[in-house]
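Enquirer: I'd like to ask some things about the structure below.
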Amino acid sequence: FWPKPRQNRKPRTAGSSGGPYSAASSLLVDAMPMLHVYRVADLHTGAALKAQASDVGFEMLASEICYNIEATEALTSDEHTKLEYLLRETFAPENCAAAAFLKTSGSGDSIVEVGPRQQFTSAWSTNAVSICHAIGLVKITRVEKSRRYHIKNTDEVSKPAKFVALVHDRMTECAYPSGIQSFDQHEEPAKWTTVPVLSEGRAAIEKLSKDNGLGYDSQDVDYYMKVFRDDLKRDPTEVECFDLAQGNSEHSRHWFFGGRVVIDGETMPMTLFQWVKRPNVENPTNSTIAFHDNSSALRGFRHTALFPEQFPEKGAAPGKYVESKRDFDVTLTVETHNFPCGIAPFPGAETGAGGRMRDGASTGKGSLIVAAVAGYAVGNLHI
C-alpha cells in the first residue's frame, strides 16, 4: 500500500494523475512531512447539488476526498500500515490511494478542491489526530480533509469560481487551486482599524455591521454608541465590535434572561430567569437537580438492571453481569441553540444535536439517552 518515500518529489497539482474512477496501483508519498491520501467519493451524486451546478453552467463528473496529513518525520513501514488501516475503505480498499483518482481531459473540464481554512485546526482534525496517537501514530500532528470535484462546463462561459461557491462555506473553508501542499498557505490577517464613531456617529457602526454581517439591531447600536461615544469617549476597534457581535449572539442569548427587565420606564422586581426558577424555589417537590449540572432531574424509582459485578477490594476489574437494584432518576434537558443556519446549516445541526446528547449523558454520574424531540423556529432569510 505504501512505497518507500521519494525524495525531491514535485508537488502534485490538481488533476495530475489517475483517471475518473481508476484505482492507482500503489500509494505515492509526497515530500515529507506532508502526505496525501485519496478516496473515491459520491459528493457529486446529490440531486439538489446537481441542479444547482447545472444552473451555473456545470456538470459534475466525479468526486473524491483528499486526506492531507502532516507528520513530524517520515513514517516507518509499520506506521504506514496503521495509517492505511485508518483511511482505506473497509469493503472497497481499491478506492483508496495516494495518487489522485480524478484527471482532467482538457475538453472544457477541470478539477476544483475546497477544504478548511488553515488558520485554525479543525475539530475533525483534532479527533483524527487523537485516533492516530491512540494507535501509536504519534508523528502525525494534523489531518485535514478536503473535497475534490471533477466538473465540466456546459455553457462554455461559466467560470469554475461559480461552482466553487456552491460547495464550500466561505466562513470556514476556501478553495485550493493546487491542493494543500502545506498548512502554512493561509494569508496573513488584515490589520485592524478603529470605527469612526466620534466623527461619523451611529452610521459608522451600522455600516460596519452591514458590511461584515454582525447583525446589530437598533438597540445594539444605541447601546454601543452610549458606551463608546458617551462613556469611554473613544472610537471602538473592529476587534471589539466583532467580539461584541459574537457575545451578543451567544447561544440563544442566555445572559439576557438574567438582565434587568424595564417596562415603560419601570424596572421589574424580578428577572426572566428568576421567574423561570420561581416554581422550583417555592415548591421543589420531586426535583433532584434543577438549574445546575448539565440537565435537570426528577425523582425516579428503584429498579433491577444488569451491571458488571463489582469488587471494591480489588479496584477496577472485569466481572460478569449480575442483577442489581439501582436508583434511576429521570433527566430532562432542553438544547436552545441559535445558529446562522443560512450560513452553515450542518455545523449548526451538529452542535444542537450533539449538545443535547452531551447534556443528558454527562449529568450526575452519567445517564442513558432514551428519546429526544427536535423543534425548529425559522424565518425568512431574504436570500
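In our numbering, each number is its position in the sequence shown, counted from 1, plus 425. For every residue, glycine included, the Cβ atom is placed at its ideal position computed from N, Cα and C. The model shown is predicted, which means the values in this text are computed figures rather than measured ones.
#1: On the three-state DSSP scale, how would you describe A456?
#2: Alpha carbon to alpha carbon, what distance is there between S624 and A774?
#3: With distance defined between alpha-carbon atoms, name the residue in E504, P772, R567 nearest to Q544.
#4: Who pairs with R567 in a beta bridge, going by DSSP?
#5: Less than 8 Å between the CB atoms is what I'm expecting for K564 and F483, so what's the real figure, rounded?
#6: Mind checking N493: buried by the 16 CB within 10 Å criterion, or exposed?
#7: Would the beta-carbon of A525 fall within 8 Å of that of Y463?
#8: CA-CA distance, V664 and M459?
#9: If distances are taken between C-alpha atoms only, which option among L591, T546, D718 comes closest to K570?
#10: For A478, collect the residues of the same chain with a Cβ closer than 8 Å to its Cβ; drop the 5 residues on either side in sequence, then sort them by chain order.
#11: Ignore the nearest five residues each way along the sequence and tell me which others in T696's own chain have a CB closer than 8 Å to its CB.
#12: Identify every run of the beta strand (DSSP E) within the stretch 493–559, keeping only runs that are complete inside it and at least 3 residues long; order them along the chain.
#13: Can you tell which of A496, E581, L512 has the C-alpha that lies nearest to the C-alpha of S532?
#14: Quick one: give me the first and last residue of the alpha helix (DSSP H) that F726 is part of.
#15: Leaving out the 5 sequence neighbours to the left and right, which residues in its chain are closer than 8 Å to L731 when beta-carbon positions are compared?
#16: Run the CB neighbour count on K616, radius 10 Å, all protein chains shown included, and call it buried at 16 or more, exposed below.
#17: Residues in the same chain with beta-carbon distance under 7 Å from S583, minus the five sequence neighbours each way, listed in chain order, please.
Expert: To lay it out plainly:
#1: Any reading at A456 needs caution, since the residue's pLDDT is 40, under 50, leaving its predicted position unreliable; the model's value is listed next. It is coil, neither helix nor strand.
#2: 42 Å
#3: R567
#4: E495
#5: 40 Å between Cβ atoms; not a contact.
#6: buried
#7: yes
#8: 34 Å
#9: T546
#10: E484, M485, I576, F588, L591
#11: F682, G683, G684, R685, V686
#12: 534–541
#13: E581
#14: Looking at the DSSP string, F726 is not in any alpha helix (DSSP H); the run it does join, the beta strand (DSSP E), is 721–733.
#15: Y746, V747, E748, S749
#16: exposed
#17: V481, G482, F483
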